[in-house]
Amino acid sequence: MSAGTFTPAAGAAPVSRMILAQTALETRMLLRNGEQLLLTVIIPALLLVLFSAVDIVTVPLQEGGAEKSVDFLAPGILALAVMSTAFTGQAIATGFDRRYGVLKRLGASPLPRWALMSAKTLSVLVTEVLQIALLTVIALALGWSPHGDPLAVAALILLGTAAFSGLGLLMAGTLKAEATLAAANLVFLLLLVGGGVIVPMEKFPAAVQSVLGLLPISALSDGLREVLRHGSGLPWGDVAVLAAWAVLGLGAAAKLFRWE
Amino acid sequence: MSNDPAVEIRGLVKRYGPKTAVDGLDLTVRKASVTAVLGPNGAGKTTTVETCEGYLRPDAGTVRVLGLDPVAQAEALRPRIGVMLQSGGVYSGARAVEMLRHMARLYAHPLDVDVLVERLGLGGCGRTAYRRLSGGQQQRLALAMAVVGRPELVFLDEPTAGLDPQARRATWDLVRELRADGVTVVLTTHHMDEAEQLADEVAIVDAGRVIAHGSPEQLCRGGAENTLRFTGRPALDLGSLLKALPDGTEAAELTAGVYRVTGAVDPQLLATVASWCAQHGVMPSSLSVERHSLEDVFLELTGKELRA
Chain A
1 MSAGTFTPAA
11 GAAPVSRMIL
21 AQTALETRML
31 LRNGEQLLLT
41 VIIPALLLVL
51 FSAVDIVTVP
61 LQEGGAEKSV
71 DFLAPGILAL
81 AVMSTAFTGQ
91 AIATGFDRRY
101 GVLKRLGASP
111 LPRWALMSAK
121 TLSVLVTEVL
131 QIALLTVIAL
141 ALGWSPHGDP
151 LAVAALILLG
161 TAAFSGLGLL
171 MAGTLKAEAT
181 LAAANLVFLL
191 LLVGGGVIVP
201 MEKFPAAVQS
211 VLGLLPISAL
221 SDGLREVLRH
231 GSGLPWGDVA
241 VLAAWAVLGL
251 GAAAKLFRWE
Chain B
1 MSNDPAVEIR
11 GLVKRYGPKT
21 AVDGLDLTVR
31 KASVTAVLGP
41 NGAGKTTTVE
51 TCEGYLRPDA
61 GTVRVLGLDP
71 VAQAEALRPR
81 IGVMLQSGGV
91 YSGARAVEML
101 RHMARLYAHP
111 LDVDVLVERL
121 GLGGCGRTAY
131 RRLSGGQQQR
141 LALAMAVVGR
151 PELVFLDEPT
161 AGLDPQARRA
171 TWDLVRELRA
181 DGVTVVLTTH
191 HMDEAEQLAD
201 EVAIVDAGRV
211 IAHGSPEQLC
221 RGGAENTLRF
231 TGRPALDLGS
241 LLKALPDGTE
251 AAELTAGVYR
261 VTGAVDPQLL
271 ATVASWCAQH
281 GVMPSSLSVE
291 RHSLEDVFLE
301 LTGKELRA
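Chains A and B, in that order, are what the protein sequence lines are. Counting from 1, one number per residue, gives the positions in the first sequence under UniProt numbering. Counting from 1, one number per residue, gives the positions in the second sequence under UniProt numbering.
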């Protein structure tokens, strides 16, 4: 290098450019990780195909209609996809970012914290768009006939993303990376079974149902099902549950998140 | 602006629970200089540097970096400094060049990434994920990330720890070039030779305080005394030698026939010893003057015992 190469010319890039670059990097990191792909793409797609094709769980279909089991399953799988990215994937990735000092190092760069969090959120949304596109194509191929207002669907997905992100970041910002990895996978599995994703809520005893119904995954899968299966307007009960989780989760994460 | 110090620390105190990591530390760093913060493990080097970087809030005292408060004015300060952490700082799945390119995008006028990659030999990292790079490659990437934004001031926390001799030389060359181009460098190290080679100013830190400060030459001259050794016949009468030497000089027979004179060793003292030998019919079979190295000064000041 010639003399003067390092002559100081310090300064931050425009914040929009930083967020864009950070979003692109975060998304690449997410998509490059094999375990993450298993969780966010392969498991939801397999569940959708498997449970649509094989009658493992008896799905309560509407009488007299031409309803297929995919009409029950697709909304639940979409909810699962949102949870896998916004909660499980984000918790694990952020936990390891913290452990590897990435959050600390970026903390000394010109990228403000709020911009880092915005980029992480955008990267989750980009991933969700890819997931939803893929799962929709598969579901349509299986004979899915969705109903309802796409805006109501988008609103539910955004609220669900906020709720799951809050919980995922809370976990990543307070537990050790290994503990986050274990706990996030366990929670994913438990909510997959108990959150109305593939197993209809009606299969559980009434007392259990009322508790399970308050979980964010139940609210999201039930809400999406109301709209996509029955063509309802925005299901306000589910919206309220998701909003409460979002406020609680994001609030606690903002208060308790430790950067190193 | 040019005469203001790059870093000014006054009475810094930082505690972790009951443990006091930094205990009333003062340090001034001139612009466009290389300052080495030298000290044993646990002396408070990293805590001091991380306070300057805005990671830690002082419990007492003031810290100003480029005239700014690193915590309260972090947003204004961060674009102007470069940081190399002791370890980590990169996504475990990221490739070296990808991460460096990303860091460059966060700055307004970054260095040419390709040139920097070639310069630090990072091209060979290819598509390998960060977690599978060698320790030396990880260190060089961290160094590249610290300078890519063309900062005014860089903090390098143990930049050559775990490097092989070639990579160490390459890092030294880079630090010298940074200084030549007007970048202020603050580095921590426990390699004396590194401080001696690179630093304009050395601050020796122990138990959270600066116990000695100055250029390597000043420290070697002032902080400790120099030594003259000679060998002759055993059991010479050193009393008459001491009378001939200036006050404050000491002489001792270390083992039979091996003598050491400690004090301000200058040509006059050498002449006095030589003439004393002539008077006593002593032909020294060896005579040597030893200049204290920074290592001697360091050990003398921080104690020779190993620390936990």
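Each residue gets a CB set at the ideal place from its N, CA and C atoms; glycine is no exception.
For chain B, check one thing: does any of its Cβ atoms lie closer than 8 Å to the Cβ of Met117(A)?
The beta carbon of Met117(A) sits no closer than 8 Å to any beta carbon of chain B.
Strictly under 8 Å for the Cβ-Cβ distance: is Lys120(A) near chain B by that measure?
The Cβ of Lys120(A) sits no closer than 8 Å to any Cβ of chain B.
Just to confirm the assignment, what range does the beta strand (DSSP E) spanning Asn226(B) have?
It spans 226-231 - the beta strand (DSSP E) in which Asn226(B) sits, taken as one unbroken run.
Beta-carbon contacts of Pro234(B) that lie in its chain and below 8 Å, excluding the five residues immediately before and after
Closer than 8 Å at Cβ, skipping near neighbours: Glu253, Ala256, Gly257.
Suppose you measure from the CA of Gly42(B) to the CA of Ala119(A); what does that come to, to the nearest Å?
Approximately 37 Å between the Cα atoms of the pair.
Kindly list the residues whose CB is nearer than 8 Å to the CB of Gly61(B), restricted to its own chain and excluding five residues on each side of it in sequence; keep chain order.
Correct list, in chain order: Ile9, Arg10, Gly11, Leu12, Val13, Gly24, Leu25.
Closer than 8 Å by beta-carbon distance: list the chain B residues that pair up with Leu186(A), in chain order.
Chain order gives no chain B residues near Leu186(A), where near means a beta carbon separation below 8 Å; the closest approach is about 22 Å.
Under 7 Å between beta-carbons, which chain A residues line up against Leu56(B)? List them in chain order, please.
Within chain A, not a single residue places a beta-carbon under 7 Å from that of Leu56(B); the smallest gap is close to 10 Å.
Under the rule that 16 or more other beta-carbon atoms within 10 Å means buried, what is Tyr107(B), buried or exposed?
Label assigned to Tyr107(B): buried.
Using DSSP with H/G/I as helix, E/B as strand and the rest coil, what is Gly82(B)?
Strand, per DSSP.
Check the DSSP bridge columns for Tyr16(B) and list the partner residues they point to.
Under DSSP, the beta-bridge partners assigned to Tyr16(B) are Lys19(B).
Between Pro246(B) and Pro267(B), what straight-line distance do the alpha-carbon atoms span, to the nearest angstrom?
For Pro246(B) and Pro267(B), the distance between alpha carbons rounds to 13 Å.
C-beta atoms of Pro216(A) and Val241(A) nearer than 8 Å
Yes, Cβ-Cβ distance for Pro216(A) and Val241(A) is below 8 Å.
What would DSSP say about Asp114(B), mapped onto helix, strand or coil?
Asp114(B) sits in a helix when the DSSP states are folded into three classes.
If we define contact as Cβ-Cβ less than 8 Å, is Pro79(B) a contact residue for chain A?
At least one CB atom of chain A sits nearer than 8 Å to the CB of Pro79(B).
Where does the unbroken alpha helix (DSSP H) through Val202(B) begin, and where does it stop?
Where Val202(B) is concerned, there is no enclosing alpha helix (DSSP H), although the beta strand (DSSP E) around it starts and stops at 201-206.
When we look at the beta-carbon of Val65(B) and count the other beta-carbons within 10 Å, is it buried (16 or more) or exposed?
Val65(B) is classed as buried because its beta carbon has at least 16 other beta carbons within 10 Å across all chains shown.
Going by C-alpha distance, which of Arg15(B), Leu120(B), Leu85(B), Ala32(B) is nearest Pro5(B)?
Ranked by how close their Cα comes to the Cα of Pro5(B), the residues Arg15(B), Leu120(B), Leu85(B), Ala32(B) have Ala32(B) in first place.
Interface flag, Glu53(B) vs chain A, CB-CB below 8 Å:
Closer than 8 Å to some Cβ of chain A, the Cβ of Glu53(B) qualifies, so yes.
Quick one: Cα of residue 321(B) to Cα of Arg99(A), how far?
Residue 321(B) is absent from the structure shown; chain B starts at 1 and stops at 308.
For Ser293(B) and Gly17(B), what's the separation of their Cα atoms in angstroms?
Straight-line Cα distance between these residues: approximately 37 Å.
Counting contacts by CB-CB distance shorter than 8 Å, is Ser92(B) in contact with chain A?
Interface with chain A (8 Å Cβ-Cβ cutoff): Ser92(B) is included.
Going by the beta-carbon positions, is the gap between Val71(B) and Leu116(B) smaller than 8 Å?
No.
In this structure, how does DSSP classify Leu254(B) when only helix, strand and coil are distinguished?
Correct three-state label for Leu254(B): strand.
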